[in-house]
Every structure is written in structure tokens, then in C-alpha cells.
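Novice: Heads up: the protein sequence lines correspond to chains A and B, in order.
Per the working numbering, the very first residue in the first sequence carries number 41; after that it's consecutive.
Per the working numbering, the very first residue in the second sequence carries number 4; after that it's consecutive.
Don't be surprised by glycine CBs; every beta carbon is placed ideally from N, CA and C.
These numbers were taken from a predicted model, which means no experiment stands behind them.
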Amino acid sequence: MRLSALSLCLTLWAAIAGAFEVEEHALFGAADGRVLRILSTTDTHILRPLIDSFLDARPGVAVDYLSVSSAEVMRAIVDEGERFDLVLSSAMDLQIKLANDGYTRPHRSAWTPLVPDWGNWRDHVFAFSQETASVVLSRAAFADQDLPRTRQDLIDLLRSDPDRFQGRVGTYDVAVSGLGYLFATQDARTAESYWRLMEVLGGLQVKLYCCSGEMIEAVAEGRIDMAYNVLGSYARARTDLAESILVIEPEEYTNMMMRTAVIMRDAAEPDLAGAFADHLIAAAWSDPPAPDYPFPGPPATDRPEGASLRPISLGPGLLVFLDRLKRQRFLEEWRNAVQQE
Amino acid sequence: MSDRLRSSGSIRRRLTIQLVGSAAVLAALLFLIVQTFTRELAEETHDRILLASATSIMDAVSVRAREVSVDLPYAALSMLSNVSDDRVFYRVVLGAETLTGYDDLPVPRPEPRAIGAMFETLVYKGESVRMATTVRWLSRNGVSTPLTISVAQTRTGQTERLADLTRTALLLGAGFFAVAVLLAVWTAQSSIRPLRELAGMVSRRGPTDLRPVTRPVPAEMAPLVRSLNSFIDRLRLSLSRSEDFIAEAAHRVRTPLATVRTQAENTLHRIERPENRNALREMIRAIDESSRAAGQLLDHAMVSFRADSLERTPFDLTDLVAELVNRLRPVADLKDIELFLEISGPHVMSGDPILVQNAVRNLLDNAIKYAPEESRVIVSLAGDATTHVLCIRDAAGGFHEDEIDGLTERFVRGRNAEGTVGSGLGLTIAREVAEAHGGRLDIANTKDGAGACVCLHFPSA
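1. Going along chain A in order, which residues have a C-beta closer than 8 Å to the C-beta of D74(B)?
2. What residue does the alpha helix (DSSP H) around P251(B) start on, and which one ends it?
3. Using alpha carbons as the reference points, say which of V436(B), S84(B) and L150(B) lies closest to G357(A).
4. Measure from the alpha carbon of H164(A) to the alpha carbon of each residue in Q135(A), S109(A), T230(A) and F124(A), then state which is nearest.
5. Counting only Cβ pairs nearer than 8 Å, list the residues of chain A close to V64(B).
6. Compute the beta-carbon to beta-carbon distance between V328(B) and V392(B), rounded to the nearest angstrom, for a pair I have assumed lies under 8 Å.
7. In the DSSP output, which residue or residues are listed as bridge partners for L358(A)?
8. For the stretch 174-189 of chain A and the stretch 253-266 of chain A, state whether three or more C-beta atom pairs, one from each stretch, are separated by less than 8 Å.
9. For S81(B), return the contacting residues in chain A, with the cut-off set at a CB-CB distance below 7 Å.
10. What are the residues of the stretch 91-109 of chain B that lie near chain A, defined by any Cβ-Cβ distance shorter than 9 Å?
11. Where does the unbroken alpha helix (DSSP H) through A324(A) begin, and where does it stop?
12. Measure from the alpha carbon of N369(B) to the alpha carbon of each residue in I357(B), I52(B), L342(B) and D387(B), then state which is nearest.
13. Apart from the five residues on each side of it in sequence, which residues of its chain come closer than 6 Å, Cβ to Cβ, to S80(A)?
14. For R162(A), which residues in chain B fall below 8 Å Cβ to Cβ?
15. Would you mind reading off the limits of the alpha helix (DSSP H) that contains Q360(B)?
16. Report the option in V91(B), L44(B), T137(B) and L35(B) whose CA atom is closest to the CA atom of V64(B).
17. Which chain A residues are close to S59(B), counting only those with a beta carbon under 9 Å from its beta carbon?
18. Using a C-beta cutoff of 7 Å, does N376(A) count as contacting chain B?
19. Based on the DSSP secondary-structure assignment, which residues constitute the bridge partners of N448(B)?
20. Let me know the secondary structure DSSP gives F68(A) once reduced to three states.
21. Can you find a CB in chain B that lies within less than 7 Å of the CB of R145(A)?
22. Helix, strand or coil: how does DSSP classify Y221(A) here?
23. Is it right to say H403(B) is buried, meaning 16 or more other beta carbons lie within 10 angstroms of its own, or is it exposed?
24. Excluding sequence positions up to five away, which residues of its chain have a Cβ less than 6 Å from the Cβ of L18(B)?
25. Just verifying my parser: in three-state terms, what is the DSSP assignment at I303(A)?
26. Tell me, please, whether the CB atom of S84(B) is closer than 7 Å to any CB atom in chain A?
27. Counting only C-beta atoms, is N140(A) closer than 7 Å to chain B at any point?
28. Closer than 7 Å, CB to CB, is Y127(B) near chain A or not?
29. Quick check on P351(A): does DSSP put it in helix, strand or coil?
30. For Q156(B), which beta-bridge partners are listed by DSSP?
31. Residues in its own chain within less than 7 Å of R332(B) by CB, not counting five upstream and five downstream?
32. Could you compute how far the alpha carbon of I52(B) sits from the alpha carbon of L150(B)?
33. List the whole-angstrom C-beta distance separating G203(B) from A30(B), where the pair is believed to meet the contact cut-off of C-beta under 8 Å.
34. Among the candidates L138(A), L126(A) and D133(A), whose CA atom is the shortest distance from the CA of D119(A)?
35. Once you ignore the five residues that flank G242(A) on each side, which residues in its own chain have a CB closer than 7 Å to its CB?
36. Mind listing the chain D neighbours of R229(A)? Cutoff is C-beta to C-beta under 9 Å, in chain order.
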């Protein structure tokens, strides 16, 4: 409750200031030459090696890298008409919406055929990673018991000891995070157990977060014991926290998100944007992936077999939960489940 | 003769061009039909799936306490991605109020009470889109208000698929055309084959073959063949009539000539004056020449007749030649000519012995007639398993090389024959007999140039 009030304040502040909220702004290279403007939901330090190798091959080129939350991408592009060359986002639905509504341009190169059909929508949206929506647990809190393997296990565990978990669970604030909303809607599409889990979490005064990074740190620092729908790739990338956290992929199904790149229609440097997209594609889809490819890889070049890993498909179906009424209804339901007084 | 025949074009070429032309028209037609059909089919399929999408949204409309709400089904938009990766737009309008979707998507205003589906193609966000709209009428505060749901999709995928289909249709048309061209060429060839066969058959015939055409021909050619046959018939009739006439004439002339000759001989014994005797001798010589010509004309008529209906019997050529030589030896002796016979063994052939005898006698007559006194005429008979060769060599000085080819024509005589009794039919008769038996007559000069060598070739069987 407190956090959502805070996010409301932030939103209001952003609206008043008339600017989208930037988490981190980094400039790579000297800005007196050509500058590639990237708007991204990926934390700067994760993509840094790829950006460096990109710039090494292109002297005189700079990369202006703005890291934002996925919902801010829409605000920047659609509401404020900001001009960027390339948008990298984990919110697949929003990327599809950008492409569907005509904000992007198609891109074809020698590298694009590397991307499998399911990772390429109309030559506008290109996937460059596949990452899981995982559960992150505190090693300390779960040291002396069986680990939950499914959502049902988790529900049973949380219900069995409400006092212990009161205020010690967390998940995305789906109203704020585009990726959180994507995971939540795909969960809701896939299984009824999602709503039961949300109700249980609501009963435990769940804490809501904007981003995976914050949830991972909250678990690692012992502020909460469990975080649901966290990017598994981020959690595993924090090798410094490996002693204090556990990453679990629920066994009945695990959503897999694709990080995607789109080149903007009004890009000032479309060629550079295309080159950077190719750089990402080459790093991700080469076999084996490039050494500076930061995500757990390789992204399966065939869709993962079996029921447990459930890739979210790129396509207009993702637009459905972005529908105004649908979103309203979903958020209402979600709030009813999560925010119990 | 045929060089002077004016050609009015080739039936085969005309047929081929007409068939290929109609094949081209059919192929073009096929292409157009297939293309139109696939285009309509693709558009219809697209319309159906758009309508299915709009209908599924309509099914998700709920009216609760006058509040109209739409819970967009996930499948409504994801089903469109099954057709192609195209951009998707939708809009839900109640009366004048947009409930959800793309506010600026131009949707049609439904006619009052109109229900069912509407389709249109329009340009939205810079691209051509196909849009399906479905309408439902809701009563709000007693007023009937239309709820329209429109789903639109860009047509890039459809355009690509149509281009594919067009290529396929084009290949289909081209393939059809290629096959049709092959068939056309084949058809043209085979439909003129009977004509070519008839022409070949008639032109392969020997010069004296005047039999009617009896082999079966296609019905269309029957009138032509019938008139050809009747023409041949008239020609044969006319020929045989003229030959009969010649034979009759020769016969009628020969008998009185014999009487005249006898009288002239008798008179020659009675008169004393040398100039009168010389005149009479000239007369007898002229009578001999006429009589011989008449005889050869008769021979020729006989040969023509017998050759037309050749009756073959086996006989020994050796006996025939030996007998003839013996019979002519007295005539040769008059000129001190030695008839020399080179024969080895029997030479049995199948044919008309009377004709063969006639031919050989004519050749021998010629040799004896033209050979100088006290010379030698060699008659040789040789051969192998397939052919008998009868050669007669004389020492009469031979022929002029340039006239050899024409010697066997009727009434043609060599230049060296002047001053000798003869009609010019002897070689003709010999040639016709040889040809009637499937053989031939060769005329040449001997190697030393002293005389002529005339050979008859007969097949053994």
C-alpha cells in the first residue's frame, strides 16, 4: 500500500515534470560524433560489454544509453514523442504495440536470418534473449525445510505459517512495471493458481517492487524471504549474492520472456541502430553465443521442449492485455486480490 | 514438275500455329481463372478470420446494470497471427462513444437496424488494411444503440501469399502451354502422316506401275484417292489403247511388207540392168528396215503387256542363252563373226522366259548387226547367290559416252547406228524386261574402248 502510494506520487511527479522517469543515463564514447540513442529496460551494467565491443569496431561513434522501467518506454515514445534510435525492452507486449502501431521500422540484414521465426515479428521486433520468470528465495529462511517446487507448494507453505511470512513476501507492482504486468497476465492466462497465489500474497501484506533487481536485493538482505516472478537471469547474474539467495523455476510451468529490440521509425541514426541490433542478434544467436553475451544462454534455437518452460509468443495476441478495458479490469482484479485491508 | 507447283502454305504449319495459338489462349485463360480464384479465396479467408475475431469480441460483451463492458478474449487477436504476421487494429464503439481500441480507426456507421457483417478495405496508419465490422443493437434508456466491433489487419502477408500464388498460377499456365505445344506439334505431325504416306507411296512407284491405290486412307482423303485412282485408270486405258493401236498397225504393215519383199526378190532375179538391180536392192533394204521396226514395235507391245502381268516360272538362263546363240550363229556366220559363249554351270532364275529370251535376242541382234566382219562377240553368264549377270561384248567401236544414258529411251539410236537397219527399240525392250524382273540394264564401253559391253542383271529368286 505504501509503495503503490509512492509510485502514484512518482507518476504524478513525472506528469507534472512532463518527463519520463530515467533510472540511469550513461554515455559511452565521445558525444562529438555520431550518437546512437538507446532506450532500454536492461540495466546498463549488463549490456556494457556488448556496447563496448560495438564501439570498439566503430571509432567516432557514441552510445547514449537511457535505462528506464518498461512502462516508461511507452510514456517516452507514445506520450512524449521522444526520439530514440533503438528501443530494447523486456516487455514484449509493449514492443509489439510499438511495432503494431507504426512506431518502428523494419530491418533486414545478413544477421536477421539467425533469429528463429518465433523470435522475429514482421522484421520489426527481434528477440535477443530468453529469460525465465522465477521464484527467488532466501537461503537462510528456507535452510531447514523442503523447497517449494510448484506454485501449489508455495501456496501451501505460505498458508501453513502466515505469521512467519507476514510482510516477508514480494512481487512486481504490475501497475508500474511493464514486465511485471506481462508476467502477471501470462500467468493469469495459463493457470487459475495464479489468482489463489495472489490472494495468499495479499493476505500476507505482499511488498510490491518496480524491478527484479530490487526484489533480489531485498531477498539477499533479508528484508523479505520470497519474491515471485523475478527475472531468473538477473538473479543468477548476481553471483555475489549466491550465498544468500536461491532461484527456483516452478515445475508446472515457467514463463519465458524474450528481450526484444525495435528500431524506431523516426530514428536519427537508423543505420547505427540496425548495426547495433545486428550486434545483439549476432551475439545472441550465434552458436555458441559471443563471449560478451550477458544473458544465460544460449537462447534455445528451438523452442524448449516440455511443458515446464513456456515461452511467451511474439504476436498480436499480446495486444489484448494492453486493451484499455482489459487492463482496467485486470488491474482491478489484481488489486482486489493483492491489496487486502 | 513439282518445282513449278505453287505452294499455298503448309497444312502442318497452319495446324501447329492454330493449335499453339489456342493453347496460348487457354493457358492465359487458365492463369487468369486460377489467379482470380485464389485471390477471391485468399480475400474470403482473410474476411472470415477477421469476422471470427470481431465475433469473438462481440461474444465477450457483457451488459451489467446498463454498463456495457468488453473483456477482449486473448484468442481474438492471437488468431489473426495464425494467418500472417500483420499489424492488427480494432475498435469497439457504442453509439458515438469509443469503448476501447484504436480511437482513430475509421469504422462505418451502421444503417439503422442493420445487422451482420460489413467488410471494407481502407488505408489506416499509412497502410492498406482490410476491416471486418459486426454490429449488435442494444437498448439503452429505451433508445436502440448500435454496438459496432471492427477488427482490421494489414495485408502484407496476404499480398506476399498472393504473389506466391500468382507465381504458381504462372508456372501452371506456362507448364500447360508447354505440354500443349508438344501435343500440338505431335498432333499436326500425325494428322498429315497419311497424306505424306500416300505421296511417298505414289512417288515411289515405277514409271509403268499404273495400279490403283488400294490401301486404306482416312475418310477425308477418300475423295482425293478416288479421283487419283480414276485418273490412273483413264491413263492406263489410254496407254493400252495406244499400244494396242501401235501393235495392230505394226502387224497390219508387216504382212504386206513380207509380200512386197518376196515380189521384190523375184523381180531382182529377173532383171538384168545394174541400175535397176541397185534400186531394187535399196528397196529391199528399206523394206527390211520397216519390217524389222514393225517387228520390234510388236515385240515391245508384247513385252509391255507381259511385263504388266508378269507370270514367273523357274527356268535355266544357261539353256536359254545357249539355245539363242546356236540359233543366231548362222546369221553371225554370214558376217564371219564368231559368237563366243562363256558359261559356267546352270543359272536358275524365276521369271518369264519368253520376255528374257526377247531381251537377250535383241541385244545379240544389235551386237551382230553393228560388229565389224571377222570380229568376235562374247556372251558371258556369271553371278552370285543373289544376281545373274549376262553380258554381251562386241568390238563395234562402242558408244559415245555422252549418249549412253539416253540410249534406252524409245526410238533413240546411237550416232554410230546411221546406215544400219534398226528402230531404236532393242535396248528399250531389254531394259523394260530387266526392270519387270526387278533387275537392270547396264550399258558401258569395254575397257579397251574397242566396243560396247551391255549387261543384264536379274535377281536369282
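Specialist: Short version:
1. L365, K366 and R369
2. For the sequence presented, residue 251(B) should be read as Glu rather than Pro. It spans A225 to R273 - the alpha helix (DSSP H) in which E251(B) sits, taken as one unbroken run.
3. S84(B)
4. Q135(A)
5. Chain A residues near V64(B): none, gap ~10 Å exceeds 8 Å.
6. Not quite, the Cβ-Cβ distance comes to about 17 Å (not below 8 Å), so this is no contact.
7. Partner(s): none; L358(A) has no beta bridge.
8. yes
9. G355, P356 and G357
10. V91, F92, Y93, V95, L102, T103, G104 and Y105
11. P310 to W325
12. L342(B)
13. S107 and L128
14. D88, D89, R90 and T159
15. P356 to Y373
16. T137(B)
17. Here the premise fails: no neighbours, minimum Cβ distance about 11 Å.
18. no
19. A455(B)
20. strand
21. no
22. helix
23. exposed
24. A191
25. strand
26. yes
27. yes
28. no
29. strand
30. V91(B) and R133(B)
31. L342
32. 20 Å
33. The Cβ separation is near 35 Å, so there is no contact.
34. L138(A)
35. A377, V378, Q379 and Q380
36. Considering every chain present, this structure includes no chain D. Its protein chains are A and B.
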